[in-house]
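Residue numbers (the working numbering): 27 to 321. Working notes, structure below.
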């Protein structure tokens, strides 16, 4: 059944007086692509210029009011482990946790310099394309965040200043999962665990609905598969296929058991919307007007 959903640009975040303005990079959906293409109508194409049917649900068919209850219940019952996961993946930009994973895989499998450069370039290029597609959809659909449905919602982390659907963390993680599994198939299980954990971390943070994450993962994996299909046909001047994988499992240490950043940085972020207390080192917004919209 078709549902009406709130628009991100029309409702304030919890604890704020006005709807968000000056969203982050609203035109990033039109930025240049590395592997994917566009036709004259703006449709996304695969590297062979065939139209891509994006496997993602139209938000009109998502019951965000029902999913809000899941967000509320999750925030009210967060375990210490879930808090760690939410904070870990919510620190910095979405690539912050994935880039060290790529480096560790390259080191563990003794990848040579030219192949290492290719892996880094290809994976990050695919991530770029996945984020361009994500930003196109975010601003096209303009779907609201959980704390725009519930004006009393105190999130674990600060809510990002751009539309919710789909989740950038989830799309990027789904894409990175497929790309890295292509180069390091023996590590598929751990790579998938990271991608799923990254996606659900946004639910733990209270800044995304379940569908933002589930649909985002599905979309990201599809984009990754489209690009991998293209890579599999690439060869050198002898006709030799470029990519091969190590047949031996080397047990790369890519899982973050203690959830400490590989590259620590002291981010100084002022949050205007309502957040929880010192668990994350941010204070609640006490300057904004009292919440007035409640669903």
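Beta carbons: idealized from backbone N, C-alpha and C, even for Gly.
Residue i to residue j span [Cα, whole Å]
| i | j | result |
| --- | --- | --- |
| residue 185 | residue 171 | 8 Å |
| residue 285 | residue 265 | 44 Å |
| residue 39 | residue 174 | 5 Å |
| residue 240 | residue 176 | 21 Å |
| residue 168 | residue 205 | 28 Å |
| residue 77 | residue 103 | 43 Å |
| residue 190 | residue 215 | 28 Å |
| residue 311 | residue 52 | The predicted model places residue 311 with a pLDDT of 37, which falls under 50 and marks its position as unreliable, so this point remains unresolved. |
| residue 178 | residue 129 | 41 Å |
| residue 107 | residue 213 | 24 Å |
| residue 256 | residue 44 | 46 Å |
| residue 301 | residue 233 | 10 Å |
| residue 221 | residue 112 | 13 Å |
| residue 262 | residue 143 | 16 Å |
| residue 137 | residue 115 | 27 Å |
Neighbour flag for residue i against chain B, beta carbons, 8 Å
| i | result |
| --- | --- |
| residue 217 | You won't find chain B in this structure, because it holds only one protein chain. |
Exposure of residue i, with buried meaning 16 or more beta-carbon neighbours within 10 Å
| i | result |
| --- | --- |
| residue 20 | Lying before the first or after the last residue shown, residue 20 is absent from the chain, which here runs from 27 to 321. |
| residue 164 | buried |
| residue 210 | buried |
| residue 231 | buried |
| residue 123 | buried |
| residue 120 | buried |
| residue 208 | buried |
Distance between beta carbons of residue j and residue i, contact taken as under 8 Å
| i | j | result |
| --- | --- | --- |
| residue 60 | residue 151 | 4 Å |
| residue 235 | residue 118 | Contact flag wrong, Cβ pair sits at about 22 Å. |
| residue 166 | residue 196 | No, residue 166 and residue 196 are not in contact; Cβ-Cβ is about 17 Å, not under 8 Å. |
| residue 278 | residue 131 | 5 Å |
Short Cβ contact (8 Å threshold) for residue i with residue j
| i | j | result |
| --- | --- | --- |
| residue 187 | residue 41 | no |
| residue 229 | residue 100 | yes |
| residue 55 | residue 161 | yes |
| residue 345 | residue 90 | One cannot answer for residue 345 here, as it falls past the ends of the chain, which runs 27 to 321. |
Opening and closing residue of the alpha helix (DSSP H) in which residue i lies
| i | result |
| --- | --- |
| residue 225 | 214-230 |
| residue 209 | 194-209 |
| residue 138 | Segment: none, residue 138 is in no alpha helix (DSSP H) and carries neither H nor E. |
| residue 254 | 236-257 |
| residue 58 | Note, residue 58: premise wrong, no alpha helix (DSSP H); not H, not E. |
| residue 114 | 106-115 |
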